[in-house]
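Colleague: Mind looking over this structure? Questions follow.
In mature numbering (1 follows the signal peptide of the UniProt record, and there is no 0), the protein residues as written are -35 to -1, 1 to 501.
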């Protein structure tokens, strides 16, 4: 187990700069913060085992085992200063890509010191199981926070969560991946009902396995209108509105991205509605977008740029993702509001909770592109990237959007892309036996494979196969929009010492979107998953 060069380099750089700012701020405040040294620890541990049978596109069977472990330490030398260190490790034999798109083998999990640049939406591991390299210790947090007269100053690697989590997602479950983080310096001003944050973010050095001197930077602004947290506890009613704008630039690959993300969340006594919209635009010559329809690296560039580092033409980026969530609790009141039910599920054991009946609905859309199905390496005179990936922690179903599905271009798998879906669920919780309920999911492709015909060389392959460890599998699929229908059942029970036992089982009636041209389709996929986890 080892830390990657990029991890150590970025943390060192951001912390050194942050220390300079911290020192100045502390001098301005004459070191008046009173000392109250303390050390706190929190973390999570989980064990997950699952098996799926008949997964498309070629009827694969997978049995997988995962053990995620995380620890967060917080030291508080003074009332105003806090230091954080978070470490995650996951044993994981789930199949999934281990190489960044457009990179070489130096970025594989066996040598994580490669020069892959995790640009927004371009990191191939975002589409793999849990977005996490395995058997490596990963530093998820290494930052300080200092309360100044003008706001909260933070610097280092810090967790980031925004809205419902389709872009930045740091919520943890035993089935989720690494939390979203930023190597950044930030300042947050909190004015009770309104807060605003500014970030200067550093992305890792390098692109395309070539130069180490290129830099990826982002300037981000976040603004939120919010209710007083005490109002939620007392009345079960709250409102929250947020707007995020981020400008990312990467000189060596001529990449510029403007990322807009807006969300709203409203809690009433018995009802919740939340929505988020993500809209990135820009242009790039990075070869790291091949699973979203981007071109591969150009073999010859006239201006003398190193071959294999950029695409032949600049590619326009314009994509969209949206998520809507609704919940309704039957017979809710002031003492058993939906908000209080959800809070109890986070902090209490099953025996300490009240009975509840909750009906839920998700509806999601993430754009795709016809060129997602193309073989990487296509280098025409123009190319637009209209596809997008949601954060892989958004998992509306157990099988249709499965962590063990191989990464097939144009198709949803470890993360959602080119998909519209609807999910309906019902959960009954009883303090005696726990919570149980059915889940129903239906999905379709937004864009079809325009080369789904006998003239396409790929469609003439009579023995199609997939490599679960490859970030790109180009197959003759996507000739139909129907992804199918899935029915699951989910059970949870939490002990008084906060250990949660979970079990999921499901059956997926596979739609014709997954049918390989001129090949038979396995119409039924079934699977089960068991887990034990705790957060402390």
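Here a beta-carbon is modelled for each residue, glycine too, at the ideal position from N, C-alpha and C.
Quick one: using the 10 Å Cβ neighbour count with 16 as the cut-off for buried, is residue -4 buried or exposed?
Modeller: As a first step, residue -4 is located in the chain shown; it is residue number 32 there, counting from the start. Annotation note: pLDDT 43 at residue -4 (below 50); position unreliable, no value reported.
Colleague: Buried or exposed for residue 6, going by 16 or more other Cβ atoms inside 10 Å?
Modeller: On the chain shown, position 41 is the one that residue 6 refers to. Counting Cβ neighbours within 10 Å, residue 6 comes out exposed, since fewer than 16 surround it.
Colleague: Work out the CA separation of residue 499 and residue 251 for me, nearest whole Å.
Modeller: Locating residue 251 in the chain shown gives position 286, where the first residue counts as 1. Locating residue 499 in the chain shown gives position 534, where the first residue counts as 1. Answer to the nearest angstrom: the Cα atoms are 40 angstroms apart.
Colleague: Count the other C-beta atoms from every protein chain shown that fall within 10 angstroms of the C-beta of residue 501, then say buried if there are 16 or more, exposed otherwise.
Modeller: Taking the first residue of the chain shown as 1, we reach residue 501 at position 536. Exposed.
Colleague: Using C-beta distances below 6 angstroms, list every residue in its chain close to residue 244, excluding the 5 sequence neighbours before and after it, in chain order.
Modeller: On the chain shown, residue 244 is found 279 positions in, with the first residue counted as 1. 225, 285.
Colleague: Please classify residue 162: is it buried, with 16 or more other beta-carbons within 10 angstroms of its beta-carbon, or exposed?
Modeller: Counted from its first residue, the chain shown places residue 162 at position 197. Buried: at least 16 other Cβ atoms inside 10 Å.
Colleague: Considering only residues of the same chain and omitting the five flanking positions on each side of residue 464, which have a CB-CB separation below 7 angstroms?
Modeller: Position 499 of the chain shown holds residue 464. Contacts found: 497, 499.
Colleague: Thinking C-beta only, is residue 185 closer than 7 angstroms to residue 211?
Modeller: Residue 211 sits at position 246 when you count from the first residue of the chain shown. Residue 185 sits at position 220 when you count from the first residue of the chain shown. Yes, these two residues count as a Cβ contact at 7 angstroms.
Colleague: Three or more C-beta pairs closer than 8 angstroms, one from the segment 127 to 145 and one from the segment 357 to 365: is that the case here?
Modeller: Contact between the segment 127 to 145 and the segment 357 to 365 is present, because at least three Cβ pairs lie under 8 angstroms.
Colleague: Taking DSSP as the reference, what is the three-state secondary structure of residue 137?
Modeller: Walking along the chain shown from the start, residue 137 turns up at place 172. DSSP places residue 137 in coil when its eight states are reduced to three.
Colleague: Assign residue 486 to one of three DSSP states: helix, strand, or coil.
Modeller: Translated into positions along the chain shown, residue 486 becomes position 521. Three-state result, residue 486: coil.
Colleague: On the DSSP letters alone, give me the boundaries of the alpha helix (DSSP H) that residue 360 sits inside.
Modeller: Locating residue 360 in the chain shown gives position 395, where the first residue counts as 1. No alpha helix (DSSP H) contains residue 360, which DSSP labels as neither H nor E.
Colleague: Rounded to a whole number of angstroms, what is the C-alpha to C-alpha distance between residue 469 and residue 401?
Modeller: Counting from one through the chain shown, the residue named residue 469 turns up at place 504. Counting from one through the chain shown, the residue named residue 401 turns up at place 436. Cα-Cα distance, rounded: 10 angstroms.
Colleague: Would you mind working out which of 392, 389, 367 sits nearest residue 382, comparing C-alpha positions?
Modeller: Walking along the chain shown from the start, residue 382 turns up at place 417. Per the Cα distances, 367.
Colleague: Terminal residues of the continuous beta strand (DSSP E) containing residue 394?
Modeller: If you number the chain shown from 1, residue 394 lands on position 429. Looking at the DSSP string, the run of the beta strand (DSSP E) that includes residue 394 is 384 to 395.
Colleague: Go ahead and pull the three-state DSSP assignment for residue 492.
Modeller: Translated into the one-based positions of the chain shown, residue 492 becomes position 527. It is a strand residue.
Colleague: Could you check the C-alpha separation between residue 87 and residue 40 for me, to the nearest Å?
Modeller: Taking the chain shown and counting its residues from 1, the one referred to as residue 87 is at position 122. Taking the chain shown and counting its residues from 1, the one referred to as residue 40 is at position 75. About 35 angstroms.
Colleague: If you follow the beta strand (DSSP E) that residue 370 is in, where does it begin and where does it stop?
Modeller: Within the chain shown, residue 370 is the residue found at index 405, counting from 1. Neither: residue 370 is in no beta strand (DSSP E) and is coded neither H nor E.
Colleague: Of all the beta strand (DSSP E) runs that stay within the bounds of the segment 418 to 462, which reach a length of 3 or more residues?
Modeller: Those beta strand (DSSP E) runs which fall completely within the segment 418 to 462 and span 3+ residues are 447 to 459.
Colleague: For the structure I just gave you, are there three or more beta carbon pairs, one from the segment 318 to 332 and one from the segment 434 to 453, closer than 8 angstroms?
Modeller: With a cut-off of 8 angstroms, the segment 434 to 453 and the segment 318 to 332 do not count as touching, because too few Cβ pairs lie within range.
Colleague: CB-CB under 8 angstroms to residue 489, same chain, minus the five flanking residues each way: which ones, in chain order?
Modeller: Mapped onto the chain shown, residue 489 falls at position 524. Excluding sequence neighbours, residue 489 sits near 19, 472, 473, 474, 475.
Colleague: Is it true that the segment 413 to 423 meets the segment 389 to 399, where meeting means three or more beta-carbon pairs spaced less than 8 angstroms apart?
Modeller: No, because fewer than three Cβ pairs between the segment 413 to 423 and the segment 389 to 399 fall closer than 8 angstroms, the two stretches do not touch.
Colleague: Run the CB neighbour count on residue 453, radius 10 Å, all protein chains shown included, and call it buried at 16 or more, exposed below.
Modeller: By 1-based counting over the chain shown, the position of residue 453 is 488. That one is buried.
Colleague: CA-CA distance, residue 231 and residue 298?
Modeller: As a position in the chain shown, residue 231 is number 266, starting the count at 1. As a position in the chain shown, residue 298 is number 333, starting the count at 1. Rounded to the nearest angstrom, the two C-alpha atoms are 16 angstroms apart.
Colleague: If contacts are defined as beta-carbon pairs under 8 angstroms, then residue 390 and residue 404 qualify, I think. What distance do you get, rounded to the angstrom?
Modeller: On the chain shown, residue 390 is found 425 positions in, with the first residue counted as 1. On the chain shown, residue 404 is found 439 positions in, with the first residue counted as 1. That belief holds up - the Cβ atoms of residue 390 and residue 404 are roughly 4 angstroms apart, short of 8 angstroms.
Colleague: Quick one: Cα of residue 233 to Cα of residue 302, how far?
Modeller: Looking up residue 233 in the chain shown gives position 268. Looking up residue 302 in the chain shown gives position 337. Between residue 233 and residue 302, the C-alpha separation is close to 8 angstroms.
Colleague: Under 6 angstroms Cβ to Cβ from residue 364, same chain only, skipping five residues before and after it: list those, please.
Modeller: As a first step, residue 364 must be located in the chain shown, where it is residue number 399. So the qualifying residues of the chain are 451, 471, 473, 490, 492.
Colleague: Where does residue 231 sit, in a helix, a strand or coil, going by DSSP?
Modeller: Walking along the chain shown from the start, residue 231 turns up at place 266. Correct three-state label for residue 231: strand.
Colleague: For residue 469, write down the residues that DSSP places opposite it in a beta bridge.
Modeller: By one-based count along the chain shown, residue 469 stands at place 504. The partner list for residue 469 (beta bridge, DSSP) reads 455, 494.
Colleague: For the alpha helix (DSSP H) holding residue 218, just list the boundary residues, first then last.
Modeller: Start at 1 with the first residue of the chain shown, and residue 218 comes out as number 253. Per DSSP, residue 218 belongs to no alpha helix (DSSP H) and is neither H nor E.
Colleague: Give me whichever residues DSSP pairs with residue 327 in a beta bridge.
Modeller: Position 362 of the chain shown holds residue 327. Partner(s): 290, 388.
Colleague: Thinking just about the alpha-carbon of each residue, which of 295, 34, 424, 38 is nearest to the one in residue 56?
Modeller: The residue labelled residue 56 in the question sits at position 91 within the chain shown. Out of 295, 34, 424, 38, 34 has the C-alpha closest to the C-alpha of residue 56.
Colleague: Report the residue from 387, 152, 462, 255 whose alpha carbon sits nearest the alpha carbon of residue 164.
Modeller: Indexing the chain shown from 1 puts residue 164 at position 199. Selected option, being the one with the closest Cα: 152.
Colleague: Quick one: what does DSSP say residue 500 is sitting in, helix, strand or coil?
Modeller: Counting from 1 along the chain shown, the entry for residue 500 is found at position 535. Note: residue 500 maps to strand in three-state DSSP.
Colleague: According to DSSP, what are the bridge partners of residue 167?
Modeller: Here residue 167 refers to the residue found at position 202 when the chain shown is read from its first residue. 148, 182, per the DSSP bridge assignment.
Colleague: Quick check on the DSSP output: the beta strand (DSSP E) that includes residue 282 runs from which residue to which?
Modeller: What you label residue 282 is simply residue 317 of the chain shown in a count that begins at 1. Residues 280 to 283.
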